[in-house]
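**Student:** Quick note: the sequence shown uses the numbering used here, first residue -4, plus one each step.
Quick one: the structure is below, and I'll ask about it shortly.
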Amino acid sequence: MTDQPRLLIIGVGSIGERHLRCFQSTGRCDVAFCEPLSERRNEVAERYAVNAYESWEQALAAERFSAAVIASPAPWHIPTAQALTDRGVHLLIEKPLSLNTDGVSQLSDSIQRHETRVSVGFVYRSLPALQQMRALVRSGKMGRIVQIQVQSGQHFPFYRPAYREIYYADAAQGGGLIQDMLPHCLNAVEWIVGPATKVVVDAAHQVLSGVEVEDTVNVLSRHGDVMASFTTNQHQPVNESVMTVLCQHGAARWELNGHRWFLADEVGGDWTLQTSFDHQRDDFYILQANAFMDLLEGKAEPLCSFDEGFSTLRSTLAILKSRQSEAWETVS
């Protein structure tokens, strides 16, 4: 046993296993996990040579943990976070924070009372190209931000072949593009220009076989005076996310595919590459893991605070409401 912090991964589906692997790779913590499915539990325990438990209750009864990563299904995020906060465990909560607001205010109060260190797992915030672009457009050097355009899509079955059998097929479990993919983009925009204040959506199931949840979505949003749009799908051949930020005196663009960002400040000119990075998929989560370890050690603020994660949840719920009302909805 070392003197490093002990970290518990709660749930080792594809994302939970990635967290386990990436936290382990930092060398900054000792990792264990819990997983209710025995076959999966044994498989992952053997692969990574770490302690495995059936439940977080069993894990905490057996050993002491400084922090936990909640990567269980979304309906369990808030109840689990509440129980762990009350036990003095710091938290990285996978996105989405929840599927509704039940228990969120109570958890927020507990986090403040116990001084729990919490980050919400919106992994785009760990990416240096987006961080650099955000710093530039928020600096005021190009005037105020007036509009943001997001275009994002991927071939979901390629990345999640079992999508028909997992949570994705059921909106009540957090499935569909609005609850699964869109929050990544929405949170990134809110990180730059603040919370959405009103939203309207057009959404439909267009392509993916074996499910009925929406796979194609257009959203308009207002963030105070700033206008934003999101054009998203889960069936296009290329995996990409492109965000264009328009300011009074120029524009910036971030591309997930290529891990790079550009500036354009000459009328009639073209985009000028600023910086590009060589990232593999695990690198996103290793960056996030190191940022969380910095938070635990008191060296940094959370990449995404609990309040910021709650803001994105409120925006997502307003989008779902707009889908039903077919009208603009105020985010509250």
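Just so you know, even glycine gets a beta-carbon here, dropped at the ideal spot from N, CA and C.
Quick check: W227 and L172, are their CB atoms within less than 9 angstroms of each other?
**Tutor:** Numbered from its first residue, the sequence shown carries residue 227 at position 232. Numbered from its first residue, the sequence shown carries residue 172 at position 177. Checking the sequence shown, residue 227 turns out to be Thr, not Trp. Yes, Cβ-Cβ distance for T227 and L172 is below 9 angstroms.
**Student:** Taking contact to mean 3 or more Cβ pairs, one atom from each stretch, closer than 8 angstroms, check whether the segment 300 to 307 and the segment 174 to 182 are in contact.
**Tutor:** The segment 300 to 307 vs the segment 174 to 182: in contact.
**Student:** Could you tell me the alpha carbon to alpha carbon distance between S114 and P232, rounded to whole angstroms?
**Tutor:** On the sequence shown, position 119 is the one that residue 114 refers to. On the sequence shown, position 237 is the one that residue 232 refers to. Those two C-alpha atoms are separated by around 32 angstroms.
**Student:** Check each candidate in Q319, E296, D278 and T325 and name the one with the smallest Cα separation from A21.
**Tutor:** Within the sequence shown, the letter at position 26 stands for residue 21. Checking the displayed sequence, the identity of residue 21 turns out to be Thr instead of Ala. Selected option, being the one with the closest Cα: D278.
**Student:** Using CA atoms only, rank isn't needed, just tell me which of F287, I106 and V194 is closest to A322.
**Tutor:** The count along the sequence shown starts at 1 and reaches residue 322 at position 327. Residue V194 is the option with its Cα nearest to A322.
**Student:** Please classify P156: does DSSP put it in a helix, a strand, or coil?
**Tutor:** As a first step, residue 156 is located in the sequence shown; it is residue number 161 there, counting from the start. Here P156 sits in coil by DSSP.
**Student:** For A63, which beta-bridge partners are listed by DSSP?
**Tutor:** The residue you call residue 63 lines up with position 68 of the sequence shown. Paired residues: L3 and L86.
**Student:** Look at the alpha carbon of G170 and the alpha carbon of E30, and state the distance between them as a whole number of angstroms.
**Tutor:** Residue 170 sits at position 175 when you count from the first residue of the sequence shown. Residue 30 sits at position 35 when you count from the first residue of the sequence shown. Going by the C-alpha atoms only, they are around 21 angstroms apart.
**Student:** Can you have a look at F153 and say buried or exposed, based on whether 16 or more other CB atoms are within 10 angstroms of its CB?
**Tutor:** Taking the sequence shown and counting its residues from 1, the one referred to as residue 153 is at position 158. Label assigned to F153: exposed.
**Student:** Where are the beta strand (DSSP E) runs, 3 residues long or more, that stay fully inside the segment 12 to 53, in chain order?
**Tutor:** Complete beta strand (DSSP E) runs here, min 3: 25 to 29.
**Student:** Within 10 angstroms of the Cβ of G293, are there 16 or more other Cβ atoms? Answer buried if so, exposed if not.
**Tutor:** Residue mapping note: residue 293 aligns to position 298 of the sequence shown, counting from 1. Under this definition G293 is an exposed residue.
**Student:** Check this for me: beta carbons of P68 and G116, under 9 angstroms apart or not?
**Tutor:** Counting from one through the sequence shown, the residue named residue 68 turns up at place 73. Counting from one through the sequence shown, the residue named residue 116 turns up at place 121. No, Cβ-Cβ distance for P68 and G116 is not below 9 angstroms.
**Student:** Do you know how far the Cα of E89 is from the Cα of R35?
**Tutor:** Reading the sequence shown from its first residue, position 40 is the one you call residue 35. Reading the sequence shown from its first residue, position 94 is the one you call residue 89. Cα to Cα, R35 sits roughly 20 angstroms from E89.
**Student:** Tell me which residue opens and which closes the alpha helix (DSSP H) that D104 is part of.
**Tutor:** If you number the sequence shown from 1, residue 104 lands on position 109. V99 to H109 is the extent of the alpha helix (DSSP H) around D104.
**Student:** Tell me which residues share the same chain as C242 and place their Cβ nearer than 7 angstroms to its Cβ, disregarding the 5 neighbours each side in the sequence.
**Tutor:** The sequence position of residue 242 within the sequence shown is 247, counting from 1. So the list reads V132, M137, G138, R139, I140 and V141, once near-sequence residues are dropped.
**Student:** Out of S271, L125, A44 and A198, point me to the one whose CA is closest to Q319's CA.
**Tutor:** Translated into the one-based positions of the sequence shown, residue 319 becomes position 324. Closest by alpha carbon: A198.
**Student:** State the Cα-Cα distance for the pair H218 and M176, rounded to the nearest angstrom.
**Tutor:** As a first step, residue 218 must be located in the sequence shown, where it is residue number 223. As a first step, residue 176 must be located in the sequence shown, where it is residue number 181. For H218 and M176, the distance between alpha carbons rounds to 20 angstroms.
**Student:** Quick one: residues in its chain with C-beta nearer than 8 angstroms to the C-beta of Q101, no 5 flanking neighbours on either side, listed in chain order?
**Tutor:** Position 106 of the sequence shown, counted from the first residue, corresponds to residue 101. Hits under 8 angstroms: Q77.
**Student:** Scan the segment 121 to 204 and note each continuous beta strand (DSSP E) run of 3 residues or more that stays entirely inside, going in chain order.
**Tutor:** You should have 140 to 150 and 193 to 199.
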